[in-house]
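K.L.:
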Amino acid sequence: MFLMGTIEKGIKKEITDKDRQKEIKSIISDYKERVKNYKKIRKIQKKELAALYDSKKSSSDNFSSLYEEMILTLQDLQMETIDSRIQSLEMITDEEWKNMVKMEKDRLTKAETKASKSKKKDKEPKPFSNLQEVIQSLNLDAQNEQESLQQLEKVKKSYDDLVHTVQDSRNKFSQIIRDRNSTRTELESVANWNNQIKKDAYFNLVDLHKKLSENVTDENWAKVAKEFGKIIK
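For the sequence shown, my numbering assigns the number 26 to the initial residue and increments by one for each residue that follows.
1. Out of F88, K47 and L99, state which residue places its alpha-carbon closest to the alpha-carbon of N219.
2. With a CB to CB cut of under 8 Å and the five nearest residues on each side skipped, what residues in its chain are close to L259?
3. Expressed to the nearest angstrom, what Euclidean distance is found between the alpha-carbon atoms of G254 and L165?
4. So the alpha helix (DSSP H) S154 belongs to, where does it begin and stop?
5. Less than 8 Å between the CB atoms is what I'm expecting for S109 and I40, so what's the real figure, rounded?
6. Under 6 Å Cβ to Cβ from D79, same chain only, skipping five residues before and after it: list those, please.
7. Output the distance between the C-alpha atoms of I222 and D186, rounded to the nearest integer angstrom.
8. CB-CB under 7 Å to L163, same chain, minus the five flanking residues each way: which ones, in chain order?
9. Have a look at G35 and F88 and give me their C-alpha separation to the nearest angstrom.
10. In or out: Q60 buried (at least 16 other Cβ within 10 Å) or exposed?
11. In or out: K65 buried (at least 16 other Cβ within 10 Å) or exposed?
12. Can you grab the Cα-Cα spacing for the pair F228 / K181, in whole Å?
13. Let me know if S199 comes out buried or exposed under the rule of 16 or more other beta-carbons within 10 Å of its beta-carbon.
14. Quick check: D119 and R205, are their CB atoms within less than 8 Å of each other?
15. With H, G and I counted as helix, E and B as strand and the rest as coil, what does DSSP make of I117?
16. Compute the distance between the beta-carbons of M29 and V215, then report whether it is under 8 Å.
17. Just to confirm, are L102 and I257 a CB contact at a threshold of 8 Å?
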């Protein structure tokens with residue numbers, strides 16, 4: 026999100042000074058280690074989240090408590106990423122950064138051109154269509170089925186927003202992300218926007234879990250839990 030990959034790729038190509046190369050590489054190395062640690066913690070948190078969705082008895086408080094842990098972990102990484110970016114850019118000249126950004130723009134243009142030529146069409150993610158079929162097979166009363174399907178539509182919408190977050194962030198915040206003089210506050214605004222979209226998706230799915238757990242029998246819960254597991258995978 027903050028072009029750390031662009032900095033890493035541009036070090037050898039754009040920076041000829043060996044001392045500066047070494048210092049920036051050290052910053053990148055520390056950053057990548059923090060990302061590695063984040064992924065380990067995130068893996069544990071995803072297992073805890075899967076366990077919550079697997080249980081019919083999980084409460085909104087259970088989900089909220091885990092969300093607070095997850096968002097704090099993510100925010101820590103985001104702040105560390107911003108620190109690494111600022112430290113790296115202090116050792117990169119305007120011209121070097123301009124060339125790195127151009128390199129990234131060229132990469133994105135090629136990727137977008139390739140994607141536009143792809144014959145694959147956007148399809149609804151299978152877990153959502155599967156869950157819809159399961160809901161319709163549960164013999165809920167008409168009102169509860171309708172409300173459950175309406176909540177599922179909200180989930181689909183928020184997850185679609187989440188999928189497009191990266192592209193949207195490029196468009197909405199491209200000037201901030203590509204400006205080497207962007208302030209910490211400006212960079213944090215990008216992270217906060219990203220986090221809000223993730224929060225919406227998280228709690229829309231939690232609301233669907235709550236709705237279904239109140240109306241689905243214990244015998245049928247395994248079918249629902251299976252599809253929740255596919256969605257959060």
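Yeah, the Cβ is synthetic: ideal placement off N, Cα and C, and Gly gets one too.
Please read all numbers here as calculations on a predicted model, not as lab measurements.
P.N.:
Quick look at the numbers:
1. It is L99 whose Cα lies nearest to the Cα of N219.
2. Within the shown structure, residues of the chain are numbered from 26 to 258, placing residue 259 beyond reach of any answer.
3. 21 Å
4. K151 to Q161
5. About 16 Å; that fails the 8 Å criterion.
6. A250
7. 7 Å
8. V241 and N245
9. 41 Å
10. Contrary to the premise, residue 60 reads as Val rather than Gln in this sequence. Exposed is the call here.
11. The residue is exposed, with fewer than 16 neighbouring Cβ atoms inside 10 Å.
12. 12 Å
13. Classification for S199: exposed.
14. yes
15. coil
16. no
17. Their beta carbons are not under 8 Å apart, which means L102 does not touch I257 by this criterion.
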